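Colleague:
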Amino acid sequence: MTFGVCETGIEELDAQMGGGFPVGSTILIVGSSGSGKTTLCMQFLVNGAKKGEKGVFFTITEPLFKLTSNLEKFEFFDRSLVDDGTITIIDLRIIFERLGLDAEKYTVEDTNALLGVIKDIAKELNVKRLVIDSITALCYRLQSKEMIRDFIFKLGTFLAAKECTTFLTSEIPPKTFIFSQYGIEEFIADGIIFLGEVERGGDLIRTLQIVKMRGVDHSRIKYAMSITSRGIELAPLLKTR
Ligand SMILES: Nc1ncnc2c1ncn2[C@@H]1O[C@H](COP(=O)(O)OP(=O)(O)OP(=O)(O)O)[C@@H](O)[C@H]1O
Ligand SMILES: [Mg+2]
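End of the sequence shown = 832 in my numbering, gap-free, step of one.
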């Protein structure tokens, strides 16, 4: 069941999906290191926040101060959205510490405790957009594919009911066309956005492709993607030199 669309503010991407991602969907943002996953997620949160939709960003891979100092270089970013609480950025490692989750691998109880905290935060802040950067680093701490499946499924179901759209970043090795580290994440997600690259005349061009989006009639064409101080912008690959 969908309730409407959730705009990313990235025109071509929204247009491909009839205005935006289905509200309440869980999207896997897949790419190798430096492919633009964090930037895409932040642009998605900021665009929502500018329309008054609250968002939360859970980071595992980058410390808060680095994340915010990178963000400040983008024109789309507005510090006041963080200051007034429209966007909340949380270091998940602090939650791990508070829950006493110091083991390398979590038990089922540990995992449920973590899920409970994330759900409570989403509920309390009444967020409409949520990001976990990265789901790969989180899944690394779960002991089995079943636990990974269960975690993402339960989180996605809870957030869908709250009409909260979710981006999970998935780290893959360079030059590969796979969607996740554990081979599970992509099956539970409603959508997959693949950030890759192609070589053109000796230059490496960033690309973005909608690989899957349940319930949406979309093409799977590759867009040329640029990251500049304006953030992420797309253009049809065929038209770029
Ligand atoms: N302000 C900026 N202006 C132009 N390009 C930028 C800017 N900030 C970042 N970039 C480009 O974006 C790339 C990193 O993007 P991002 O951090 O979103 O990637 P990522 O996929 O999250 O990487 P990782 O997996 O390492 O976290 C940088 O390597 C740089 O090329
Ligand atoms: Mg990143």
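Backbone N, C-alpha and C fix where the C-beta goes; we use that ideal spot for every residue, glycine too. Please read these numbers as outputs of a predicted model, since none were measured by experiment.
Between Thr727 and chain B, is any beta-carbon pair separated by less than 7 Å?
Modeller: Among the chains of the structure shown, chain B does not appear; only one protein chain is present.
Colleague: Once you ignore the five residues that flank Leu828 on each side, which residues in its own chain have a CB closer than 8 Å to its CB?
Modeller: Val789, Ile796, Thr798, Ile812, Lys813, Tyr814, Ala815
Colleague: Are three or more beta carbon pairs between the region 771-786 and the region 611-621 nearer than 8 Å?
Modeller: yes
Colleague: Quick one: what's Met804 bridged to in DSSP?
Modeller: Gly782
Colleague: Pairing CB atoms from the region 697-717 with CB atoms from the region 628-647, are three or more of them under 8 Å?
Modeller: By the criterion of at least three beta-carbon pairs nearer than 8 Å, the region 697-717 is in contact with the region 628-647.
Colleague: For the candidate residues Lys803, Thr757, Ser817, Tyr731, whose alpha-carbon lies nearest to that of Leu636?
Modeller: Thr757
Colleague: Just to confirm the assignment, what range does the alpha helix (DSSP H) spanning Ser660 have?
Modeller: 655-662
Colleague: Within the continuous beta strand (DSSP E) that includes Ser817, where are the two ends?
Modeller: Annotation: the continuous beta strand (DSSP E) that includes Ser817 extends over 813-819.
Colleague: Compute the Euclidean distance between the alpha carbons of Ile651 and Gly625, then round it to the nearest angstrom.
Modeller: Distance between the alpha carbons of Ile651 and Gly625: 16 Å.
Colleague: Would the beta-carbon of Ser820 be found less than 6 Å away from any heavy atom of ligand 1?
Modeller: Ser820 Cβ: within cutoff of ligand 1.
Colleague: Should Lys628 be listed as close to ligand 2, given that the test is whether its C-beta is under 6 Å from any heavy atom?
Modeller: yes
Colleague: Which word fits Asp701, buried or exposed, when buried means at least 16 other C-beta atoms lie within 10 angstroms of its C-beta?
Modeller: buried
Colleague: Along the chain, where does the beta strand (DSSP E) that runs through Leu721 open and close?
Modeller: That run of the beta strand (DSSP E) goes 720-724.
Colleague: Taking 7 Å as the threshold (C-beta atoms), are Cys632 and Asp724 in contact?
Modeller: yes
Colleague: With DSSP collapsed to three states, give me the class of Arg740.
Modeller: Note: Arg740 maps to helix in three-state DSSP.
Colleague: Is it the case that the Cβ atoms of Gly676 and Asn638 are separated by a distance below 7 Å?
Modeller: Cβ distance not < 7 Å, so Gly676 and Asn638 don't count as in contact.
Colleague: Could you check where the beta strand (DSSP E) with Phe649 kicks off and where it finishes?
Modeller: Bounds of the beta strand (DSSP E) holding Phe649 are 646-650.
Colleague: Is the separation between the beta-carbon of Glu666 and that of Ser820 shorter than 7 Å?
Modeller: yes
Colleague: Alpha carbon to alpha carbon, what distance is there between Lys657 and Lys664?
Modeller: 11 Å
Colleague: Quick one: is the Cβ of Lys664 within less than 6 Å of any heavy atom of ligand 1?
Modeller: yes
Colleague: Considering only residues of the region 659-722, which uninterrupted beta strand (DSSP E) runs meet the minimum length of 3 residues and lie entirely inside it, listed in chain order?
Modeller: 678-682
Colleague: Sort out for me which residues DSSP pairs Glu790 with in a bridge.
Modeller: Answer by DSSP bridge pairing, in chain order: Leu795.
Colleague: Pull up the distance between the alpha-carbon of Glu762 and that of Gln734, whole angstroms please.
Modeller: 18 Å
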